[in-house]
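Data first, discussion second: the structure below is written as structure tokens.
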Amino acid sequence: MFRVARLIAAKDLRVEMRSRVVTNQVLPFAAIVMVMFAFALNSDAVVSRVAPGLVWLATLFSLLILVQRSFAIENADGATDALRAAGVDPSGIFLGKAMALAVQLAVLELVLLVSAVVLYSTELRVGGLVLLLVTFVAATVGLALVGTLYGGLAGGVRGRETLLPLLLLPVVAPVLIGATRATESALGTGGATVADGWPWVGLLAVFVALFSVGGTLAFGPLIEE
Amino acid sequence: MEDLGFILATYIVTFGSVAAFAFAIVRRGRRLAAQLPAKDKPWT
Amino acid sequence: MDPVVHLSNAVAVLGQFPVLAGVNLTVNRGEIVLLQGPNGAGKTSLLRLCAGLLPLARGEAVLLGCDLRTQREAVRSRVGLLGHANGLYADLTVAENVRFWGATVGASKPEVQAALQRMGLAQRLSDVAVSRLSAGQKRRTALACLIARRAELWLLDEPHAGLDAAARDELDATLRDAAAAGATIIVASHELERAGALATRVVEVVGGQIRTPNGEVA
Amino acid sequence: MATPDIETPATAAGTRAGTGTVFTRFIGLATIVGMVALGVFGLLLSPADVQQSDSVRILYIHVGTVWVAYVAFAFTALASAAYLWKRTTSLAWDRFAGASAEIGVLFMALTLLAGSLWGRLSWGKFWVWDARVTSTAFMFVTYVGYLAVRGLGGSHHQRARRSAVVALLAVLEIPLVHFSVKLWRGLHQDSSVADRTNVNLHGLMLFSLFISVIAFTLLYVWLMMHRQRVLAMQDAIDNTGLDYALQQRRDEGDL
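Residue numbers (the numbering used here), protein chains in the order written: chain A, 114 to 338; chain B, 34 to 77; chain C, 40 to 257; chain D, 4 to 258.
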């Protein structure tokens with residue numbers, strides 16, 4: 114299972130290195146969303162107060178696109194069928210695609226965080242760096258897991274573009290809440306302290322634990338016809 | 034009675050949509066039942 | 040010796056439509072069987088059933104000694120399907136694709152190299168991205184993937200489509216070699232003359248069933 | 004979905020019976036009696052609440068529908084697990100799950116509607132960001148998604164397995180959402196809806212609530228029986244359609 118996962122992850126990342134779709138299209142999209150938020154909110158004070166939430170909201174929107182892309186690679190030339198026909202372990206496919214997605218998400222979040230610092234005058238503080246890092250890792254893994262799970266379900270059917278957000282967004286609500294609050298604590302937004310953040314990391318950890326097990330078990334039946 | 038509009042709206046919409054749903058099911062059941070032999074309808 | 044494929048009264052359904060309406064077919068090792076018949080007769084479905092992609096609704100299917108109902112995973116890893124799509128990643132190179140598909144069954148480096156060699160992909164083309172290949176070169180890459188995956192039963196759906204004369208000759212030679220090397224091949228094709236010369240047996244598919252030459256249902 | 008020109012022996016056997024039986028008619032009658040009683044008690048006989056005045060009457064509906072919605076979703080989860088468990092696997096469980104989820108979505112929609120109307124009267128707001136309210140809304144959306152997955156098509160078993168897995172994933176998701184929203188609100192305000200919902204229960208009010216739960220439970224049972232039978236007949240028609248379609252398919256060559 115882990116051998117297959119490594120194989121799939123390496124393949125997905127190599128495809129991205131060659132095609133640069135995420136780098137050239139999704140990252141600029143995420144950045145422009147951050148600019149749009151500032152237009153919509155129209156107040157420096159408000160923007161810097163809600164900056165952590167905007168970072169994660171932009172991450173969720175980009176997640177939808179990343180998941181679509183991740184499965185578009187497989188569906189473009191019938192590789193999904195080929196993988197199933199070759200009897201490749203679905204759990205391995207799930208973990209592998211989730212790993213590759215997590216790497217891409219991590220890069221994306223870094224860009225979003227930097228743009229928050231630049232655009233919204235968000236300030237990082239030394240005391241919160243550990244919390245910030247742990248939050249980002251946990252949230253990224255959680256999003257990658259559920260994204261892959263529902264992406265696999267929606268990937269093979271007609272109307273996938275519309276089905277995916279309907280299924281995915283309600284599920285990632287806990288990540289949005291947890292990651293936003295923890296990030297606020299790490300950054301000290303609105304007077305939050307670092308200690309306030311750790312319970313939220315706990316929530317993210319529970320999410321990751323549940324969906325790593327649930328996803329590994331469920332992915333096979335979901336992509337099977 | 035205060036707030037009569039809200040209260041009546043709740044009762045009417047609830048009973049109304051339940052009745053519509055029930056009616057649709059029963060009608061569809063009748064239509065399908067006419068096309069199937071008794072062995073596919075173990076409740077009859 | 041056990042037959043590689045043994046279908047009896049196999050029925051398969053797509054949605055609510057019976058694409059296969061009771062197929063009886065036995066194929067032995069080393070055979071090259073040609074499936075012919077009109078569009079929509081069920082040729083592709085028959086191949087997909089053998090690949091374990093289409094569930095068996097009724098009847099029996101034993102492939103490579105494994106029951107398709109109960110041991111589908113065991114069947115799948117030993118069967119290779121080349122459908123209308125090639126199952127290649129367009130952004131990766133030829134060698135990377137073959138290596139990837141080989142790795143799914145744990146093929147070693149020399150094995151992958153040998154597969155590339157047999158398809159004539161080892162030198163000039165090996166580091167070219169698949170998106171830049173011609174249709175025939177893509178087909179050859181896909182076949183190299185089947186070899187690297189150690190497929191014992193090859194299921195090829197219209198493999199000649201979109202290839203020029205030279206590429207077709209090459210393909211035929213490849214298939215003959217593969218059969219001689221022990222692979223069993225089932226080809227669905229419209230190209231009767233060409234594929235007919237290639238095949239050891241021709242089978243007609245009509246209305247989701249297999250017909251003998253005199254029109255009876257097999 | 005039914006092809007009208009199929010000649011089956013069914014046409015002869017077809018009666019006006021439909022999906023009803025003596026038992027469902029009994030339940031149906033009891034439901035109607037219960038609903039009339041609910042209307043009479045809820046709107047006329049029970050007194051207005053000291054604090055909430057007449058808006059409490061909305062609760063008689065609200066409590067019944069939310070109860071049915073929760074029961075329905077719980078049963079969907081149970082039936083989905085039963086389908087996936089090898090020893091009890093049967094398409095009947097899948098149909099139970101589907102029928103129950105449909106009813107649950109309907110009642111959840113009614114719950115949200117009645118709840119927001121009541122909220123407007125009692126709190127002056129259609130919506131409050133309370134954990135229970137919010138996770139209820141998420142539950143609604145989740146099961147709308149579940150029904151969308153059921154409608155994707157494919158063979159019956161494919162539909163059944165896919166939707167059963169989605170239903171079980173929803174069981175993972177809903178407590179998480181509830182818990183996270185609760186944590187979220189917990190940081191901002193101390194009182195939850197429950198604390199501000201001071202209903203001083205008069206005897207007749209309690210009785211009206213009791214009638215509501217009974218009547219809506221009967222309604223659920225009645226709807227479930229009928230809906231599940233309709234689904235069974237749809238599946239059966241797909242299957243008899245298969246024999247017919249098989250014959251047609253075989254004849255293609257003889258044309």
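The beta-carbon is built from N, C-alpha and C at its ideal position, and this holds for glycine as well.
DSSP-derived helix/strand/coil call for residue i
| i | result |
| --- | --- |
| residue 57 of chain C | strand |
| residue 65 of chain C | strand |
| residue 92 of chain C | coil |
| residue 334 of chain A | helix |
| residue 173 of chain C | coil |
| residue 98 of chain C | strand |
| residue 166 of chain C | coil |
| residue 256 of chain C | strand |
| residue 51 of chain C | strand |
| residue 110 of chain C | coil |
| residue 57 of chain D | coil |
| residue 132 of chain C | strand |
| residue 259 of chain C | Missing from the structure shown is residue 259 of chain C; chain C here goes from 40 to 257 and no further. |
| residue 133 of chain D | coil |
| residue 52 of chain D | strand |
| residue 191 of chain D | Low confidence applies here, because residue 191 of chain D scores a pLDDT of 48, under 50, leaving its location unreliable; read the following figure in that light. In this structure, residue 191 of chain D counts as coil in the three-state DSSP scheme. |
| residue 127 of chain A | helix |
Cutoff 8 Å: residue i Cβ touching any chain B Cβ
| i | result |
| --- | --- |
| residue 28 of chain D | no |
| residue 229 of chain D | yes |
Segment limits, beta strand (DSSP E) that includes residue i
| i | result |
| --- | --- |
| residue 193 of chain C | 192-196 |
| residue 245 of chain C | 240-245 |
| residue 72 of chain C | 71-75 |
| residue 68 of chain B | Looking at the DSSP string, residue 68 of chain B is not in any beta strand (DSSP E), and its letter there is neither H nor E. |
Host alpha helix (DSSP H) of residue i (start-end)
| i | result |
| --- | --- |
| residue 223 of chain C | Counting along the chain, residue 223 of chain C falls outside any alpha helix (DSSP H), though it belongs to the beta strand (DSSP E) covering 223-227. |
| residue 43 of chain C | No alpha helix (DSSP H) holds residue 43 of chain C; DSSP gives it neither H nor E. |
| residue 152 of chain C | 148-157 |
| residue 118 of chain C | Here residue 118 of chain C belongs to no alpha helix (DSSP H); instead the beta strand (DSSP E) covers 118-121. |
| residue 250 of chain D | 206-254 |
| residue 188 of chain C | Where residue 188 of chain C is concerned, there is no enclosing alpha helix (DSSP H), given that its DSSP letter is neither H nor E. |
| residue 183 of chain A | 157-188 |
| residue 96 of chain D | 94-126 |
| residue 142 of chain A | 140-154 |
| residue 43 of chain D | Element bounds for residue 43 of chain D: n/a, residue is neither H nor E. |
| residue 1 of chain C | Outside the shown range of chain C (40 to 257) lies residue 1 of chain C, about which nothing can therefore be said. |
| residue 3 of chain D | Limits of chain D in this structure are 4 at one end and 258 at the other, which puts residue 3 of chain D out of reach. |
Interface flag, residue i vs chain C, CB-CB below 8 Å
| i | result |
| --- | --- |
| residue 41 of chain D | no |
| residue 213 of chain A | no |
| residue 248 of chain D | yes |
| residue 336 of chain A | no |
| residue 199 of chain A | yes |
Inter-residue spacing [alpha-carbon to alpha-carbon] between residue i and residue j
| i | j | result |
| --- | --- | --- |
| residue 239 of chain D | residue 189 of chain C | 42 Å |
| residue 147 of chain A | residue 160 of chain A | 10 Å |
| residue 190 of chain A | residue 127 of chain C | 6 Å |
| residue 206 of chain A | residue 179 of chain D | 26 Å |
| residue 214 of chain A | residue 222 of chain A | 12 Å |
| residue 130 of chain A | residue 331 of chain A | 29 Å |
| residue 153 of chain D | residue 336 of chain A | 14 Å |
| residue 196 of chain D | residue 133 of chain D | Legend: pLDDT at residue 196 of chain D = 48, less than 50; position of this residue unreliable, no value from coordinates given. |
| residue 125 of chain A | residue 319 of chain A | 27 Å |
| residue 245 of chain C | residue 59 of chain C | 10 Å |
| residue 101 of chain D | residue 226 of chain C | 42 Å |
| residue 254 of chain D | residue 247 of chain D | 11 Å |
| residue 131 of chain C | residue 116 of chain A | 20 Å |
| residue 215 of chain D | residue 123 of chain C | 59 Å |
| residue 117 of chain D | residue 169 of chain A | 33 Å |
| residue 167 of chain A | residue 202 of chain C | 52 Å |
Below-8 Å beta-carbon distance, residue i vs any chain D residue
| i | result |
| --- | --- |
| residue 91 of chain C | no |
| residue 182 of chain A | no |
| residue 320 of chain A | yes |
| residue 245 of chain C | yes |
| residue 203 of chain A | no |
| residue 303 of chain A | no |
Alpha helix (DSSP H) segments (min. 4 residues) lying fully within the stretch 204-279 of chain A: DSSP runs (the alpha helix (DSSP H)) wholly in the stretch 204-279 of chain A: 242-268.
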